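Straight run, no breaks: the sequence shown in the numbering used here ends on number 198.
The beta-carbon is built from N, C-alpha and C at its ideal position, and this holds for glycine as well.
Source: prediction; values computed, not measured.
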Amino acid sequence: MSKLIPFGMSFEHALRAGYVGRIENRGYLDWIKALPCDTCGAPPPSDPSHINSWKGMGTKAPDYFSIPQCRECHEQYEQTNGLVEPFMARVALYLLYAIISGVLRP
């Protein structure tokens with residue numbers, strides 16, 4: 093059970109402090125895996141590459157903050173600790189695509 097998040101605490105800090113549990117959606121990840129790599133266009137299956145932010149010790153960012161990447165592109169993103177802003181723009185497009193496609197309900 094999640095604890096009440098203190099006023100003014102960011103989601104990232106709440107996650108790290110244990111106020112928020114991991115946000116998972118297996119169906120969304122399965123859908124992401126069925127898409128081609130967002131970076132190089134390699135055919136599926138893809139890895140769901142989670143954003144390198146909003147994560148605590150030993151946890152990943154919410155599943156909704158992921159894009160499809162082939163293994164090579166995913167490893168490169170992890171090694172370079174990719175930029176958050178361009179990644180979030182891609183995440184937003186995939187979330188919109190998922191809603192339009194009926195994968196997610198608004």
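With burial defined as no fewer than 16 other Cβ atoms inside 10 Å of the residue's Cβ, what is the status of P98: buried or exposed? exposed
Leaving out the 5 sequence neighbours to the left and right, which residues in its chain are closer than 8 Å to R197 when beta-carbon positions are compared? I191
Taking 8 Å as the threshold, find out whether the stretch 153-171 comes into contact with the stretch 128-136 through three or more Cβ pairs. yes
For L175 and N144, I'd like the C-alpha separation in whole angstroms. 8 Å
Have a look at the DSSP bridge pairing and note the partners of S158. H142
Local Cβ density within 10 Å of Q161, reported as buried at 16 or more and exposed below that: buried
Report the CB separation of L137 from A126 in whole angstroms; it is logged as a contact under 8 Å. Checking the sequence shown, residue 137 turns out to be Pro, not Leu. Yes, they are in contact, since the Cβ atoms of P137 and A126 sit about 7 Å apart, within 8 Å.
What whole-angstrom Cβ distance do Y120 and Y169 have, given they're in contact under 8 Å? So it is not a contact: roughly 19 Å between Cβ atoms.
Closest residue to P154 among N173, S193 and M180 (Cα-Cα distance): M180
Using three-state DSSP, classify G194 as helix, strand or coil. coil
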